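Residues 237 to 317 in this note's numbering are what the sequence shown lists, from first letter to last. Heads up, the thing below is written out as structure tokens.
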Amino acid sequence: MSDWKVRKPTDDIEKFKVDLAIANGAGISIEKFIEKIIGEKPDKALVEATKLCLSRTQEESEAIDIETWIKEFIAWRENFA
Numbered sequence: 237m238s239d240w241k242v243r244k245p246t247d248d249i250e251k252f253k254v255d256l257a258i259a260n261g262a263g264i265s266i267e268k269f270i271e272k273i274i275g276e277k278p279d280k281a282l283v284e285a286t287k288l289c290l291s292r293t294q295e296e297s298e299a300i301d302i303e304t305w306i307k308e309f310i311a312w313r314e315n316f317a
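Right, dumping it as structure tokens:
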């Protein structure tokens, strides 16, 4: 398990803090985030799958260990290659 937990903000104050951090340059693109985790530029399919995962996480208001999810997705995909 990693320290990269992703979840929907719990209230308006938390959402404001996130929006403020992003506005001040604290955010990075999903592609760059994945690249930091896997050590190489991700392909489009991995980026899109990760975006879908994050959208689902927001809709269901659940937390997810995104680093573990990315690594498991890559392993799953390699098993079918």
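Glycine residues also receive a C-beta, built at the ideal position from the N, C-alpha and C atoms. As the structure is a computational prediction, the values presented were derived from the model and not from experiment.
- Annotated as distal: Lys-280 and Glu-271, with beta-carbon spacing of 9 angstroms or more.
- Secondary structure at Asp-301: strand, using DSSP grouped into helix, strand and coil.
- Straight-line measurement puts the Cα of Ala-259 at about 10 angstroms from the Cα of Phe-252.
- Ser-291: member of the alpha helix (DSSP H) spanning 280 to 296, first to last residue.
- When rounded, the separation of the alpha-carbon atoms in Ala-299 and Phe-269 is 17 angstroms.
- The shortest C-alpha to C-alpha distance from Asp-248 to any of Leu-256, Lys-241, Lys-287 is the one to Leu-256.
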